[in-house]
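Below is one structure, written out as structure tokens; the observations come after it.
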Amino acid sequence: MNTVKVERHDRVVTVRLHRPHVRNALSGELLAELLDVLRPLDTDPEVGCLVVTGSEQIFAAGADIREMAPKTAPEMVAEDYFGAWEEFADLRTPKIAAVNGPALGGGCELAMMCDLVIAGESAVFGQPEIRLGVIPGIGGTQRLTRLIGRARAMDLVLTGRTMDAREAESAGLVSRVVPDARVLPEALAAAATIASYSRTAVRAARDCVDRALESGLRDGIRYERRVFHALFATEDQKEGMGAFLEKRAPRFTGR
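Residues in the sequence shown are numbered from 166 upward in steps of one, following my numbering.
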């Protein structure tokens, strides 16, 4: 593996972007390797959470401009360039982005495709594509607007300015801000907590929260209730509630 490094910590897997010579720019090779790594992990019952990170200095500075620059419009359409990133977004295993330094353009979009974003105090977020004569192409205009609202999204997308970690947290883009040295430990601790719960319930909860962004309140509540009822057909519901009543720690199996 050249562009992605993988480490396993019990039920948590860390996936580290590794293209230091180009500030972890997101190339087609990196995406292909990332998906090759993540597909089997997403179906592995022993994996409860994924942590996606870069280096201690940078998360990802954006998409690979050298790779894109010479392409024509017909080539971009024929290749459905960036389309495969939706496979990453659609992975059912919860994903935590652990961000140090810049997460710009595609890097910001990658973070937004994760379920939690834990940022160091040095983290910087933005969609500066307008400076290159294009727009965000990996869901930036759509996810950013849903997360931080139209006014802030317009500000970032149209001016190309960036937000520091504290502003990103205040805006709703970032879940937590911690000292730089604590980013990965904090992400791993959160991931271990998530991975300790029922895999079935965690996936259902993630699905319901995402549904809230895509449906009206009444439809969303109906969907949530159907999922809640369905979980009573699982062994984990019986174990979780039984353990609560018996005042012991639950032993979830994902069934």
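Don't be surprised by glycine CBs; every beta carbon is placed ideally from N, CA and C.
#1: Of all the options Lys-403, Leu-309 and Ala-354, which has the alpha carbon lying nearest to the alpha carbon of Val-216?
#2: Quick one: give me the first and last residue of the beta strand (DSSP E) that Lys-260 is part of.
#3: Given 8 Å as the limit, is there contact between the region 337-345 and the region 271-285, that is, 3 or more CB pairs closer than that?
#4: Can you check DSSP and say which residues form a bridge with Cys-422?
#5: Does DSSP classify Met-328 as helix, strand or coil?
#6: Since Ala-366 is in the alpha helix (DSSP H), which residue starts that stretch and which ends it?
#7: Thinking C-alpha only, which one of Ala-228, Pro-350, Val-299 and Ala-336 is nearest Thr-310?
#8: Does the region 260-269 come close enough to the region 310-321 to have 3 or more Cβ pairs within less than 8 Å?
#9: Mind reading off the beta-carbon distance from Thr-168 to Glu-198? Whole number of angstroms is fine, and I expect it under 8 Å.
#10: Counting C-beta neighbours from all protein chains within 10 Å, is the total for Ala-268 16 or more, i.e. buried, or is it exposed?
#11: Flag this pair as yes or no: are the beta carbons of Glu-274 and Gly-305 separated by less than 9 Å?
Let me lay it out:
#1: The residue given as residue 216 occupies position 51 in the sequence shown. It is Ala-354 whose Cα lies nearest to the Cα of Val-216.
#2: In the sequence shown, counting from the first residue as 1, residue 260 sits at position 95. Start and end: 260-264.
#3: yes
#4: There is no way to answer for residue 422, as the model of the chain reaches only from 166 to 420.
#5: Here the question's residue 328 lines up with position 163 in the sequence shown. Three-state DSSP puts Met-328 in a strand.
#6: By one-based count along the sequence shown, residue 366 stands at place 201. Unbroken alpha helix (DSSP H) run through Ala-366: 364-377.
#7: On the sequence shown, residue 310 is found 145 positions in, with the first residue counted as 1. Per the Cα distances, Ala-336.
#8: The region 260-269 is not in contact with the region 310-321.
#9: The residue labelled residue 168 in the question sits at position 3 within the sequence shown. The residue labelled residue 198 in the question sits at position 33 within the sequence shown. Yes, they are in contact, since the Cβ atoms of Thr-168 and Glu-198 sit about 5 Å apart, within 8 Å.
#10: What you label residue 268 is simply residue 103 of the sequence shown in a count that begins at 1. That one is buried.
#11: Taking the sequence shown and counting its residues from 1, one reaches residue 274 at position 109. Taking the sequence shown and counting its residues from 1, one reaches residue 305 at position 140. A contact, by the Cβ cut-off of 9 Å.
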